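Asker:
Residue numbers (UniProt numbering), protein chains in the order written: chain A, 1 to 451; chain B, 1 to 575.
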């Protein structure tokens with residue numbers, strides 16, 4: 001089965017000073033969309049995110065995730081998603097269809113004081129469903145209206161320069177770097193399984209209803225149109241609120257109106273300004289860029305290989321000699337921060353210094369035993385003797401002890417330590433945290449939910 | 001002046017430094033031509049296919065130094081097929097036949113074979129200097145021949161070549177009588193070298209000033225070498241990593257303070273931050289520092305090192321230095337003239353990369369800056385305008401925004417105004433590389449202002465033929481124009497065909513040029529070689545059937561007095 005992939009461009013930190021051009025995506029409840037997109041961001045290019053077919057799970061009243069459906073960032077999918085929310089919905093979680101996480105995820109997000117980027121990918125839409133539904137119907141109408149206008153604009157521009165909207169010249173730009181097979185170890189079988197789960201749980205005839213509902217919109221709300229959205233508009237729409245999933249859908253009509261006005265401005269602008277043309281031609285080139293372009297960036301090949309060869313040679317050195325270990329330790333990135341519940345002082349541990357989970361957990365014990373004791377009983381810590389008597393922090397890994405060790409992986413997810421092979425853990429762990437076991441709710445991996 | 005004795009004229013000509021001036025005087029009259037050709041010692045050939053080697057040798061029989069360049073510049077970035085050409089052997093053979101006095105050979109982007117090197121080594125009794133830059137096709141066997149037969153060798157400089165490794169023995173081949181080495185650079189060799197031989201060679205070379213070691217050389221060997229050659233001026237360090245508890249580490253710490261004449265450092269292939277501390281005592285003297293091969297050094301350690309380098313004139317560094325580090329450069333290195341910032345991880349997230357801030361900081365802090373190569377993820381118009389204002393002395397300005405076609409992130413506008421400011425303000429700009437989102441407007445600015453521009457590299461830029469036409473019309477001194485992935489077509493190519501005879505070469509790849517356009521160009525300008533490079537398999541078969549509207553993937557146009565070359569591979573078709 002063909003995996004559909006879209007590329008969208010995020011520009012984190014980019015704050016356009018000009019009025020953001022109209023974006024159809026902006027009409028949608030932005031938290032939902034951006035959440036989807038962000039969740040499925042592969043750790044890849046800095047501001048290029050590959051959005052592939054994503055899965056959406058719903059956190060229901062009983063605190064479990066139902067699989068809603070597999071979605072892509074198309075208009076129809078967005079709308080379907082909205083209609084799927086009901087009174088039982090406490091949150092939505094989206095998952096990149098490609099990421100195959102077998103390990104368990106920790107769902108104790110809010111307790112982790114962190115940058116916003118570490119926030120949970122949950123949409124807090126409870127009790128807003130009615131509002132949202134009303135909004136959607138309103139948006140439907142708006143979109144049908146504007147799709148007509150938009151078409152008109154397109155023809156206008158296309159009349160001037162037919163290449164502007166030809167985003168796929170020669171068809172070659174769609175040959176994406178990793179291809180569908182590269183990262184997508186997603187079996188066709190699996191894909192089909194997911195596809196079969198379309199629709200509202202309990203409402204088997206949903207898709208049929210959906211078909212009907214969707215039909216009048218399809219002319220406007222199709223992938224084709226999405227792909228014609230200039231990159232910069234997506235940029236603008238997303239840049240402000242990357243990972244802004246906790247932004248509730250408040251007073252959306254206001255936003256919508258400004259967007260509409262921007263749209264009209266853009267329309268006027270389109271006929272006169274060459275910059276629009278320039279901006280429009282942009283996604284074309286940047287798409288070529290993400291696929292490996294021969295000879296770009298203009299660096300001699302030996303330089304390109306430099307980083308990788310150094311790394312491998314350093315690694316081999318590390319394996320072969322004791323001295324190598326020291327070198328590795330000197331390199332940055334091997335020390336990760338570790339915090340513990342109830343202890344205000346953070347520490348750092350060198351993951352490379354341990355060769356397995358057991359040693360790590362005993363090291364964590366050493367790091368925090370004294371601090372924990374001091375925290376609990378400041379007087380006790382004042383004498384060295386008593387510190388030694390305090391019982392060790394044990395069973396960090398299997399969840400049976402008082403504390404459990406979790407880590408944040410390179411995708412920003414909180415995972416239980418011990419689920420993946422040690423080397424994989426070392427290469428992905430970005431920070432560690434010792435949590436009270438009682439506070440942890442573990443959800444099984446999203447894949448388990450889906451299949 | 002024509003009635004001056006030839007000796008006098010020749011003596012006067014000696015004061016003409018540049019090749020261009022000597023070319024000019026040789027066109028004055030036949031007598032001057034004769035005097036000039038018999039007295040020219042340095043010959044430079046910018047394109048090995050522009051003239052036949054025999055003709056060069058016949059005209060300048062007394063030359064001592066020959067420099068030849070081969071493949072187009074884009075060959076550096078894998079845009080030129082591997083076996084495109086650029087063979088050095090015909091040049092060496094021709095020189096061996098007619099210029100026995102040759103002492104120096106410099107080749108750039110050429111295919112040098114072991115046979116060629118052996119012929120070279122055996123043919124010129126006074127041979128002193130071999131400099132190979134970005135060449136390939138040879139192995140350490142060829143180097144062994146050079147070492148064996150060039151008794152008076154002073155300089156063996158291998159810069160960024162692809163050398164096949166046939167073992168470590170080549171260094172043994174320097175005879176015991178070889179004591180004349182001044183410069184030895186084998187940094188690009190991948191394999192082991194015989195460190196014992198190297199140490200002995202260094203020990204018996206009292207004049208050695210420049211020594212660039214490859215990655216296989218350990219700190220232990222470096223210590224021994226430094227002990228024997230404390231007078232080195234230019235050092236490439238080798239791997240430069242050692243356990244800080246080892247004895248070698250302490251010896252390293254003691255070695256560097258004795259090298260009082262060190263001015264230039266490079267290498268640091270696997271340098272560990274701790275070892276960098278050894279350099280602190282010599283930093284104050286350094287004028288050249290190349291840290292661009294050292295991806296293992298974190299930004300903070302780079303900063304600590306650069307803090308000590310007050311006299312630095314040339315700095316090559318990876319972008320892990322960060323904007324913060326560049327601010328330190330700006331406040332420390334007041335003498336800085338050349339800065340190159342390379343990407344440390346082109347496919348990675350770029351978290352550590354530098355931005356426009358770093359460039360602005362350096363431009364405001366280093367008033368003597370005149371050459372920049374800067375890889376970054378984003379650039380703004382305002383930053384470029386500030387840079388142009390701060391540093392009007394740029395000779396080379398090469399900016400590479402890794403994401404092609406990326407606009408100014410603040411305004412989403414093209415970078416036309418920014419680059420426009422650069423060409424407006426930097427009157428002496430000779431080399432310019434553009435990147436980012438650019439429209440035809442920037443080429444208008446370049447054509448209007450960049451009067452000294454000699455080499456222009458364009459990628460993913462422009463809207464129409466006009467862009468290229470502006471450049472061809474405006475840049476009177478343009479010698480090399482290389483374009484890739486731009487919407488320039490036949491209209492631009494054929495607008496001013498006579499222009500290409502004033503230039504060394506034109507490269508266009510992935511543009512809109514058609515076969516018909518190339519044919520028209522070739523027909524109009526018989527002294528131009530119009531080469532089409534097409535690597536697709538069906539090209540050969542359909543060569544005859546190709547219609548003129550067929551777009552050509554790559555064209556390489558250069559002037560030549562030699563006619564079409566005869567060593568072209570199948571996929572190169574000279575029209």
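Even for Gly, the Cβ is constructed at its ideal location relative to N, Cα and C.
This structure is a prediction, so every number in the text was calculated from the model and none was measured.
Since residue 34/B is in the beta strand (DSSP E), which residue starts that stretch and which ends it?
Answerer: Taking the second chain and counting its residues from 1, the one referred to as residue 34/B is at position 34. Segment 30-39 is the alpha helix (DSSP H) holding residue 34/B; no beta strand (DSSP E) there.
Asker: Report the residues of the segment 444-461 of chain B with a CB closer than 8 Å to any CB of chain C, ordered along the chain.
Answerer: No chain C is part of this structure, whose protein chains are labelled A and B.
Asker: Below 8 Å between beta carbons: does that hold for residue 124/B and residue 102/B?
Answerer: As a position in the second chain, residue 124/B is number 124, starting the count at 1. As a position in the second chain, residue 102/B is number 102, starting the count at 1. A contact, by the Cβ cut-off of 8 Å.
Asker: Grouping DSSP H, G and I as helix and E and B as strand, with all else coil, what is residue 512/B?
Answerer: Start at 1 with the first residue of the second chain, and residue 512/B comes out as number 512. Looking at residue 512/B - three-state DSSP - the assignment turns out to be strand.
Asker: If you draw a straight line from the C-alpha of residue 233/B to the C-alpha of residue 507/B, how long is it?
Answerer: Here residue 233/B corresponds to residue number 233 of the second chain, with the count starting at 1. Here residue 507/B corresponds to residue number 507 of the second chain, with the count starting at 1. Going by the C-alpha atoms only, they are around 39 Å apart.
Asker: Find the residues of chain B that neighbour residue 427/A, judging by a C-beta separation of less than 8 Å, and give them in chain order.
Answerer: As a first step, residue 427/A must be located in the first chain, where it is residue number 427. Simply none; closest approach about 14 Å.
Asker: Assuming residue 210/B is part of the alpha helix (DSSP H), what are its boundary residues?
Answerer: Indexing the second chain from 1 puts residue 210/B at position 210. First-last for residue 210/B: 210-213, but that is the beta strand (DSSP E), not the alpha helix (DSSP H).
Asker: Report the residues of the segment 404-428 of chain B with a CB closer than 8 Å to any CB of chain A, ordered along the chain.
Answerer: Within the segment 404-428 of chain B, the residues whose Cβ lies closer than 8 Å to some Cβ of chain A are 404, 405, 406, 407, 409, 410, 411, 412, 413, 414, listed in chain order.
Asker: In angstroms with no decimal places, state the Cα-to-Cα distance between residue 375/B and residue 432/B.
Answerer: Within the second chain, the letter at position 375 stands for residue 375/B. Within the second chain, the letter at position 432 stands for residue 432/B. Using only the alpha carbons, I get a separation of about 14 Å.
Asker: Taking the straight line between their C-alpha atoms, what separation do you get for residue 142/B and residue 115/B?
Answerer: Numbered from its first residue, the second chain carries residue 142/B at position 142. Numbered from its first residue, the second chain carries residue 115/B at position 115. The straight-line gap from Cα to Cα measures roughly 7 Å.
Asker: Distance cutoff 8 Å, beta carbons only. Does residue 438/A sit that close to anything in chain B?
Answerer: Counted from its first residue, the first chain places residue 438/A at position 438. Chain B, which has no Cβ nearer than 8 Å to the Cβ of residue 438/A, makes this no.
Asker: Which residues, taken in chain order from the segment 290-304 of chain A, show a beta carbon closer than 9 Å to some beta carbon of chain B?
Answerer: The segment 290-304 of chain A vs chain B, Cβ under 9 Å: 290, 292, 293, 294, 295, 296, 297, 298, 299, 300, 301, 302, 303, 304.
Asker: Just mark residue 424/A as buried or exposed, buried being the case when its beta carbon has 16 or more other beta carbons within 10 Å.
Answerer: By 1-based counting over the first chain, the position of residue 424/A is 424. When all chains shown are included, residue 424/A counts as exposed.
Asker: Which value, in whole angstroms, describes the spacing of the CA atoms of residue 29/B and residue 176/B?
Answerer: Residue mapping note: residue 29/B aligns to position 29 of the second chain, counting from 1. Residue mapping note: residue 176/B aligns to position 176 of the second chain, counting from 1. Using only the alpha carbons, I get a separation of about 50 Å.
Asker: Which term fits residue 356/A, buried or exposed, when burial requires 16 or more other beta carbons within 10 angstroms of its beta carbon?
Answerer: Position 356 of the first chain, counted from the start, is the residue given in the question as residue 356/A. Label assigned to residue 356/A: exposed.
Asker: Does DSSP put residue 302/B in a helix, in a strand, or in coil?
Answerer: Indexing the second chain from 1 puts residue 302/B at position 302. Reduced to three states, the DSSP call for residue 302/B is helix.
Asker: Report yes or no: is there a C-beta of chain A within less than 8 Å of the C-beta of residue 484/B?
Answerer: Stepping through the second chain from its first residue, residue 484/B is reached at position 484. Yes, residue 484/B counts as interfacial toward chain A.
Asker: Let's see if you can read the secondary structure: which residues bound the alpha helix (DSSP H) around residue 415/A?
Answerer: On the first chain, position 415 is the one that residue 415/A refers to. Counting along the chain, residue 415/A falls outside any alpha helix (DSSP H), though it belongs to the beta strand (DSSP E) covering 414-416.
Asker: Using C-beta distances below 8 Å, list every residue in its chain close to residue 39/B, excluding the 5 sequence neighbours before and after it, in chain order.
Answerer: Your numbering for residue 39/B matches position 39 in the second chain. Cβ within range, chain order: 10, 13, 14, 62.
Asker: Can a CB atom of chain A be found closer than 8 Å to the CB of residue 78/B?
Answerer: If you number the second chain from 1, residue 78/B lands on position 78. Output row for residue 78/B: interface = yes.
Asker: Taking the Cβ atom as the reference point for each residue, do residue 478/B and residue 503/B lie within a distance shorter than 8 Å?
Answerer: Start at 1 with the first residue of the second chain, and residue 478/B comes out as number 478. Start at 1 with the first residue of the second chain, and residue 503/B comes out as number 503. Result yes, Cβ atoms of residue 478/B and residue 503/B sit closer than 8 Å.
Asker: Mapping the DSSP letters down to three states, classify residue 169/A as helix, strand or coil.
Answerer: Within the first chain, numbered from 1, the residue matching residue 169/A stands at position 169. Note on residue 169/A: pLDDT 42, under 50, position unreliable in the model; the coordinate value appears next. In this structure, residue 169/A counts as helix in the three-state DSSP scheme.
Asker: For residue 160/B, return the contacting residues in chain A, with the cut-off set at a CB-CB distance below 9 Å.
Answerer: For the purposes of this step, residue 160/B is taken as the residue at position 160 of the second chain. By Cβ distance, chain A contributes 300, 302, 303.
Asker: Fully enclosed by the segment 181-224 of chain B, which alpha helix (DSSP H) runs are 4 residues long or longer?
Answerer: Listed in chain order, they are 195-203.
Asker: Once DSSP output is grouped into helix, strand and coil, what is the label at residue 303/A?
Answerer: One-based indexing of the first chain puts residue 303/A at position 303. Three-state result, residue 303/A: helix.
Asker: Looking at the C-beta of residue 400/B, does it have a partner C-beta in chain A at a distance below 8 Å?
Answerer: For this step, residue 400/B is matched to residue 400 along the second chain. Closer than 8 Å: yes.
Asker: Give me the subset of the UniProt domain "Transport inhibitor response 1" (61-107) of chain B whose CB atoms are less than 8 Å from a CB atom of chain A, sorted by chain position.
Answerer: The residues in question are 74, 76, 77, 78, 79.
Asker: Relative to the C-alpha of residue 133/B, which residue among 99/B, 76/B, 118/B, 547/B is closest?
Answerer: Translated into positions along the second chain, residue 133/B becomes position 133. When only C-alpha atoms are compared, the closest one is 76/B.
Asker: Please report whether the beta-carbon of residue 375/B lies at a distance below 8 Å from any beta-carbon of chain A.
Answerer: Reading the second chain from its first residue, position 375 is the one you call residue 375/B. Interface residue, yes.
Asker: Assuming residue 278/B and residue 252/B form a contact by the criterion Cβ under 8 Å, report the distance between their Cβ atoms to the nearest whole angstrom.
Answerer: Along the second chain, read from residue 1 onward, the residue named residue 278/B stands at position 278. Along the second chain, read from residue 1 onward, the residue named residue 252/B stands at position 252. Yes, residue 278/B and residue 252/B are in contact; Cβ-Cβ is about 5 Å, under 8 Å.
Asker: Say the cut is 7 Å; is the CB of residue 472/B nearer than that to a heavy atom of the ligand NAD?
Answerer: You won't find the ligand NAD in this model; it holds no ligand whatsoever.
Asker: For chain A, is any of its Cβ atoms less than 8 Å away from the one on residue 342/B?
Answerer: Residue mapping note: residue 342/B aligns to position 342 of the second chain, counting from 1. Chain A contact via Cβ: present.
Asker: Any idea which residues DSSP pairs residue 338/B with across the strands?
Answerer: One-based indexing of the second chain puts residue 338/B at position 338. Answer by DSSP bridge pairing, in chain order: 314/B, 371/B.
Asker: Answer yes if the segment 472-491 of chain B comes into contact with the segment 510-518 of chain B, meaning at least three C-beta pairs across the two stretches below 8 Å, and no otherwise.
Answerer: Judged by Cβ distances under 8 Å, the segment 510-518 of chain B makes contact with the segment 472-491 of chain B, as three or more pairs qualify.
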